[in-house]
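**Q** Its first residue numbered -8, the sequence shown is counted upward by one per residue in our numbering.
Glycine residues also receive a C-beta, built at the ideal position from the N, C-alpha and C atoms.
Structure in structure tokens, see below.
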Amino acid sequence: MQDYNPLIHPFELPVQKLIVYCVTDESFYLEPHEGSTPGTTLSGAYGTALWSTVCYNRFNNPCLRHQKNPECKTPEKCVLPWLYKPYSKVQHRNFTRPVLFYSPELEGTKPVNAFTIEITLWGRHAITYQNMVKETLEKMGRFGLNNQGISIPFKIVDIKTMPNLTLMDRIEKLPKTSSVLLEFQTPFLHAGNSKNRHEFHTDDKLPIANILGNIAYDLVAWDMEDRDLGETLDSKMRHNLARDARDAAWEAGEKLTVLRTHLSPITIGKRYSRGNKNNMLIEGFIGLAELTDNLKNALPWLLVLSLSGGGQKRAMGFGSVRLWLDGNF
């Protein structure tokens, strides 16, 4: 696909949402503790159940799955990376998770015995294999959620499958708006210029241009991988195309005005990363930011941010951002 246009083709990426309705026998509350959030708990349970559901070689464990680039004896059959954490052999990098989790009830502070899980299937492969995701969810419920060392089983009573729409479909459905509100629901990590620490912007200097630039680069890089383009676009070409999108999104973000913010820094604690073989600090900011002016060119990138989450490392892969338009989600 030599004529790939980074300002057009990425918006052909399909995205589909599942709303999963769950119940438990007894009320429970996911108590916060070092390096853990409801998002990490859900995603960890999903990863465990996914491996035991879809891996063809799970009984003899040949894949060395904790390595950065797992080796598989039957890669032509393996769908696990497309449903967990894809790795590009062209760009030699991991992509963020194509199956994203968020549960508003579990993020709360009150015990529940019924909750929903909002799941975003990000891309062609995740949507194609969604029946495997649903099968994994059933097994995930039988395994249960880890709550301070205690397993909390749950049952799925219904799964609502939302329409399969491309990003462009979704953009075209957006109403005209004079302002947007970004709600950072889980820790959003944005690295500052310092090499020794991360800066978390909690005032009207929110670096929205840089945030949109990052999300645009990741979208284009992911879309080319999700299309299975292989070496038709080599690493250098992919980087240049993704950089073009980054520059366009950055320019659109620069023209936005940050009207007001209500953001608070948050630190969850350290969590072990198997990929980096090191403890990673989960931190960032949460809260609200209202944006206005020159929204037309920025809205597509803001929509991508809200669908895919955001921030460096997606705050260890579990970022969640909501986009509100003139008070309506």
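Output needed for Asp149: all residues of its chain with C-beta closer than 6 Å, excluding positions within five of it in sequence on either side, in chain order.
**A** Tyr12
**Q** Express the C-alpha separation of Asp(-6) and Ser27 in angstroms, rounding to a whole number.
**A** Across the structure, Ser27 and Asp(-6) are spaced so that their CA atoms are roughly 44 Å apart.
**Q** What does the alpha-carbon distance come out to for the pair Glu242 and Leu136?
**A** Going by the C-alpha atoms only, they are around 43 Å apart.
**Q** Cβ of Asp214 within 7 Å of Cβ of Leu4?
**A** yes
**Q** Using 7 Å as the threshold, is the C-beta distance between Ile10 and Lys151 below it?
**A** yes
**Q** Check each candidate in Gly221, Leu250, Glu216 and name the one with the smallest Cα separation from Ser170.
**A** Leu250
**Q** How should Gly132 be labelled, buried or exposed, when 16 other C-beta atoms within 10 angstroms of its C-beta is the threshold for buried?
**A** buried
**Q** Return the chain-ordered list of same chain residues with a C-beta closer than 7 Å to the C-beta of Ile118, the five sequence neighbours on each side being excluded.
**A** Pro5, Gln7, Leu112, Asn155
**Q** Determine the direct distance from the alpha carbon of Glu17 to that of Glu216, and round the result to whole angstroms.
**A** 43 Å
**Q** Classify Met159 as helix, strand or coil using the three-state DSSP reduction.
**A** Helix.
**Q** In the DSSP assignment, find the unbroken alpha helix (DSSP H) run with Tyr75 in it and report its ends.
**A** Note, Tyr75: premise wrong, no alpha helix (DSSP H); not H, not E.
**Q** Report the residue from Ser255, Asp219, Gly278, Leu293 whose alpha carbon sits nearest the alpha carbon of Val81.
**A** Asp219
**Q** Assuming Pro(-3) and Val211 form a contact by the criterion Cβ under 8 Å, report the distance between their Cβ atoms to the nearest whole angstrom.
**A** 5 Å
**Q** How many Å lie between Asn184 and Leu296 at the Cα?
**A** Interpretation of Asn184 is limited by its pLDDT of 46, a score under 50 that renders its predicted location unreliable; the figure taken from the coordinates is listed afterwards. Straight-line Cα distance between these residues: approximately 22 Å.
**Q** Would you list, in sequence order, the uninterrupted beta strand (DSSP E) runs of no fewer than 3 residues that lie entirely inside the stretch 245 to 299?
**A** 248 to 264, 269 to 283
**Q** At the level of alpha carbons, what is the spacing between His83 and Arg115?
**A** 21 Å
**Q** Taking the Cβ atom as the reference point for each residue, do Thr127 and Ala40 lie within a distance shorter than 7 Å?
**A** The beta carbons of Thr127 and Ala40 sit closer together than 7 Å.
**Q** What does Leu20 pair with, by DSSP beta-bridge criteria?
**A** What sits at residue 20 in the sequence shown is Tyr, not Leu. Per the DSSP secondary-structure output, Tyr20 pairs with nothing in a beta bridge.
**Q** Indicate the three-state DSSP secondary structure (helix, strand or coil) for Ile10 in the structure shown.
**A** strand
**Q** Flag this pair as yes or no: are the beta carbons of Leu33 and Phe92 separated by less than 7 Å?
**A** Contact flag set, yes.
**Q** Among Ser94, Thr44, Lys246, Val70, which residue has its Cα nearest to the Cα of Ile108?
**A** Ser94
**Q** Run through DSSP, which three-state label would Arg84 get?
**A** strand
**Q** Output the distance between the C-alpha atoms of Thr15 and Phe134, rounded to the nearest integer angstrom.
**A** 13 Å
**Q** Quick check on the DSSP output: the beta strand (DSSP E) that includes Arg313 runs from which residue to which?
**A** Taken as a continuous stretch (DSSP letters only), the beta strand (DSSP E) holding Arg313 covers 312 to 316.
**Q** According to DSSP, simplified to helix, strand and coil, what is Lys227?
**A** helix
**Q** The alpha helix (DSSP H) that contains Gln121, what's its start and end?
**A** That run of the alpha helix (DSSP H) goes 121 to 134.
**Q** DSSP beta-bridge partners for Glu113?
**A** Note on identity: in this sequence residue 113 is Trp, with Glu being the wrong assignment. Paired residue(s): Val6.
**Q** Taking all protein chains shown into account, decide if Gln139 is buried (16 or more other Cβ within 10 angstroms of its Cβ) or exposed.
**A** exposed
**Q** Would you grab the beta carbon distance between Gly174 and Trp73 for me? Rounded to a whole angstrom, and I think it's under 8 Å.
**A** According to the sequence provided, residue 174 is Glu. The question's Gly does not apply to it. Actually they do not touch by this definition, with Cβ atoms about 29 Å apart.
**Q** Locate the alpha helix (DSSP H) running through Leu210, then write down its first and last residues.
**A** 199 to 217
**Q** Candidates Val312, Leu286, Ile147: which alpha carbon is nearest Leu298's?
**A** Val312
**Q** Enumerate in chain order the residues of its own chain whose CB-to-CB distance from Glu222 is below 7 Å, with the five nearest sequence positions on each side excluded.
**A** Val81.
**Q** To the nearest angstrom, how far is it from the Cα of Ser226 to the Cα of Leu293?
**A** 26 Å
**Q** Taking buried to mean at least 16 other C-beta atoms within 10 Å of its own C-beta, is Asn205 buried or exposed?
**A** buried
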